[in-house]
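A short write-up of the structure that comes next.
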Amino acid sequence: MQDIEIYPASWYYNACVQGFLEVLAWGLGDEGEEIITEQILRSDGRAVIPGNLMTAAFSPRGTPAAVYIREVPEDLPQLKRIGWWWVEKSYEEGFIRKEDRGKLLNAEAKVETVVRSLFHKSANYPNLVQLTWDLNKKLGFINNWFSIGEAEGLDIRCGFCGRKVGIEKGGSVYETSLTRSLSIHIGNGPNVFPNLFWDGLPGLIICKQCRAYFLCFHLVSKNGFFINSDSLLVNWHLNHLLSGKVNGYYHQSLLKAMQYDRQLRGAIGSWGLQNMEELIFERDQVKYYPVSATLARLLLIPGIATLMSQIANNRVWEIILQERFDYLPTVIYKSLRAMLTGENKEKDPEIVFSGHNNAWPVNNLIQLYYAIRQQLAGNKGGAIMGYINLKEIREIARMAPLDLNTNVGKNLVYRLMELTRLNKKTEVYHLLLRSYLTSDTKRQFPVPLARLFETNDHELFKTGIYAFIAGLNRSDINENF
Ligand SMILES: [Zn+2]
113 MQDIEIYPAS WYYNACVQGF LEVLAWGLGD EGEEIITEQI LRSDGRAVIP
163 GNLMTAAFSP RGTPAAVYIR EVPEDLPQLK RIGWWWVEKS YEEGFIRKED
213 RGKLLNAEAK VETVVRSLFH KSANYPNLVQ LTWDLNKKLG FINNWFSIGE
263 AEGLDIRCGF CGRKVGIEKG GSVYETSLTR SLSIHIGNGP NVFPNLFWDG
313 LPGLIICKQC RAYFLCFHLV SKNGFFINSD SLLVNWHLNH LLSGKVNGYY
363 HQSLLKAMQY DRQLRGAIGS WGLQNMEELI FERDQVKYYP VSATLARLLL
413 IPGIATLMSQ IANNRVWEII LQERFDYLPT VIYKSLRAML TGENKEKDPE
463 IVFSGHNNAW PVNNLIQLYY AIRQQLAGNK GGAIMGYINL KEIREIARMA
513 PLDLNTNVGK NLVYRLMELT RLNKKTEVYH LLLRSYLTSD TKRQFPVPLA
563 RLFETNDHEL FKTGIYAFIA GLNRSDINEN F
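For what it's worth, the working numbering labels the leading residue of the sequence shown as 113, then goes sequentially.
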């Protein structure tokens with residue numbers, strides 16, 4: 113079979129291709145991620161899937177294939193590999209019926225639970241498969257859906273990729289056109305995706321290849337967002353970074369992200385930063401945000417993307433997507449307050465907070481704001497605002513003579529936070545100085561803290577003091593970082 117070349121198109125198409133590549137990566141086992149990023153995704157934005165890989169993927173178990181691929185279990189000899197990978201990947205991503213969660217399922221039961229969770233009437237692909245069908249009929253559907261090679265002799269072209277489409281006699285309309293059963297988002301909100309060449313009619317013809325991609329959309333939409341660009345390679349990396357697929361703590365994920373850095377920069381160099389967009393999926397609705405070149409550049413910095421994934425708060429994301437960076441200190445202030453009081457009373461969605469014991473959500477937010485500010489100042493060619501070492505400030509805070517376990521101490525910290533918000537630098541200084549000088553141990557005023565007062569940049573000053581407050585020792589603090 114010939115190699116399959118995929119060119120980036122509308123966001124919806126690109127998201128589905130990303131989902132399909134996720135399925136392939138899964139099927140390729142431990143080598144998967146590397147084969148996708150080093151061999152299939154190209155720096156010119158295309159994806160090229162080798163013909164022999166497609167042949168192996170679209171065949172059942174036992175047919176020749178590379179040794180590292182995941183084989184279909186013996187119980188399902190008729191199912192194509194791609195079908196099994198699609199089932200298993202969906203299963204791994206949590207597309208499981210409620211009653212099956214936490215159970216150990218065999219291969220047949222996995223097919224059943226994935227099919228039931230994806231095709232029921234309010235699921236991702238409503239009624240494409242009848243839940244009452246027996247297992248064989250369901251397997252037949254999956255096998256048939258994932259087919260390649262078109263019937264000859266027709267001159268109708270696919271509305272997405274432009275390939276000729278062969279419409280088989282007796283075939284169902286669901287298999288050859290983009291209906292609401294295949295895409296609830298597109299069926300429901302034609303006004304929200306200006307880049308899609310959809311005419312609102314239910315007759316958009318699709319080829320078998322695209323059809324296979326479209327059945328993988330759930331693997332992307334489950335993240336709640338999709339960043340789209342003119343390059344499938346950039347999409348792959350950015351969406352992985354931002355969805356926290358690079359697991360683990362900040363430092364580990366950052367190291368992993370750095371490996372992508374070279375590829376991302378290479379790809380973006382030739383494609384420009386002009387056409388990036390972000391889609392946020394909420395129930396049946398899609399919110400669309402164009403991403404400016406400035407923001408695109410920020411997202412391409414692994415440290416920033418990684419922090420965003422750690423914060424994982426839709427409102428904070430929206431603030432960043434709207435480039436309302438100046439509003440972030442307000443979010444930091446509110447989150448800090450919630451952390452100190454131990455509750456988010458009004459359930460304010462803008463607050464990042466996961467309990468009194470955990471300072472990391474707010475620390476990450478402070479770090480993110482600082483990184484964005486530094487970067488923007490650098491982009492403008494201006495002097496980067498003064499440097500502060502947030503880690504050092506947090507360490508000093510841990511030893512600071514401000515006791516959050518007494519009411520007097522708490523009140524002092526609230527006052528410190530309030531004065532900082534109002535930017536009353538002198539009063540902040542006096543309050544801190546007094547605390548250090550009058551403490552039992554008569555500690556010296558720490559140099560990194562003193563340095564904060566030398567800056568003329570209000571925002572930098574606030575960021576530093578907020579980091580200090582976030583780092584203050586609490587008796588019941590849980591140091592899990
Ligand atoms: Zn097509």
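Note that beta-carbon positions come from the ideal geometry of N, C-alpha and C, so glycine has one too.
Computed from a predicted model, the values in this text were never measured in an experiment.
* Is the beta carbon of F132 within less than 8 angstroms of some heavy atom of ligand 1? -> Short note on F132: C-beta not closer than 8 angstroms to any heavy atom of ligand 1.
* Distance CB(F600)-CB(F393) smaller than 9 angstroms -> Nothing can be reported for residue 600: it is not among the residues displayed for the chain, which extend from 113 to 593.
* Provide the residue(s) that pair with R269 in DSSP beta bridges, ordered along the chain. => Paired residue(s): K276.
* Just checking my contact of P189 with P172 at CB under 8 angstroms: how many whole Å lie between their CB atoms? -> Confirmed, about 6 angstroms.
* Got a sec, what are the start and stop residues for the beta strand (DSSP E) I577 sits in? -> Under the DSSP assignment, I577 falls outside any beta strand (DSSP E), being part of the alpha helix (DSSP H) whose first and last residues are H570 to G583.
* Closest residue to C270 among M113, Y180 and A121 (Cα-Cα distance) -> Closest by alpha carbon: A121.
* Asked: Tell me which same chain residues have a C-beta within less than 7 angstroms of the C-beta of V223, skipping the five on either side of it?
  -> If you ignore the 5 residues before and after V223, its C-beta comes within less than 7 angstroms of the C-beta of V199, L247, K250 and L251, all in its own chain and listed in chain order.
* Asked: What is the rounded straight-line gap between the Cα of E143 and the Cα of L534?
  -> Between E143 and L534, the alpha-carbon positions lie close to 54 angstroms from each other.
* Asked: So does F272 have its beta carbon nearer than 8 angstroms to some heavy atom of ligand 1?
  -> At least one heavy atom of ligand 1 is nearer than 8 angstroms to the Cβ of F272, so yes.
* Minimum C-alpha distance to V428 - residue among R449, R154 and E462 -> Of the candidates R449, R154 and E462, the one whose C-alpha sits nearest the C-alpha of V428 is E462.
* To do: Check the C-beta distance from Q487 over to L410 and give it rounded, since I have them as a contact under 8 angstroms.
  => In this structure Q487 touches L410 by the C-beta definition: roughly 6 angstroms separates them, less than 8 angstroms.
* Entirely within the region 383–430 and at least 4 residues each: give me those alpha helix (DSSP H) ranges in chain order. => Every unbroken stretch of the alpha helix (DSSP H) spanning 4 or more residues and falling wholly within the region 383–430 is given here in chain order: 405–411 and 414–423.
* Asked: Ends of the alpha helix (DSSP H) at E204?
  -> From DSSP, the alpha helix (DSSP H) with E204 extends over R193 to E204.
* Asked: Within the present structure, is the beta-carbon of Q486 separated from the nearest heavy atom of ligand 1 by less than 8 angstroms?
  -> Q486: no, Cβ never under 8 angstroms from ligand 1.
* Asked: Comparing alpha-carbon positions, which option in V135, K334, F437 and N519 lies nearest G356?
  -> Of the candidates V135, K334, F437 and N519, the one whose C-alpha sits nearest the C-alpha of G356 is K334.
* With L165 and N255 assumed to form a contact (beta carbons below 8 angstroms), what rounded beta-carbon distance in angstroms separates them? -> Between L165 and N255, the beta carbon gap of about 18 angstroms keeps them out of contact (Cβ cut-off 8 angstroms).
* Spatially closest choice to S341 from R395, A408 and F329, by CA coordinates -> In this structure, A408 is the residue among R395, A408 and F329 with its C-alpha nearest to the C-alpha of S341.
* To do: Evaluate contact between the region 436–446 and the region 546–565, counting only Cβ atoms and requiring at least three cross-stretch pairs below 8 angstroms.
  => Put simply, the region 436–446 does not touch the region 546–565. Fewer than three CB pairs are less than 8 angstroms apart.
* **Reference R158; option with closest CA among N470, R510, N126 and I194** => For the options N470, R510, N126 and I194, the alpha carbon positioned closest to that of R158 is the one of N126.
* What is the DSSP secondary structure of A471, counted as helix, strand or coil? -> Coil.
* Asked: Is it the case that the CB of Q375 approaches a heavy atom of ligand 1 more closely than 8 angstroms?
  -> No, the beta carbon of Q375 sits no closer than 8 angstroms to any heavy atom of ligand 1.
* Which partner residues of S447 appear in the DSSP bridge assignment? -> None, per the DSSP bridge assignment.
* In the structure shown, what three-state DSSP assignment does P172 receive? -> Residue state for P172 is assigned as strand, using DSSP reduced to three classes.
* Asked: Grouping DSSP H, G and I as helix and E and B as strand, with all else coil, what is S122?
  -> S122: coil per DSSP, three-state reduction.
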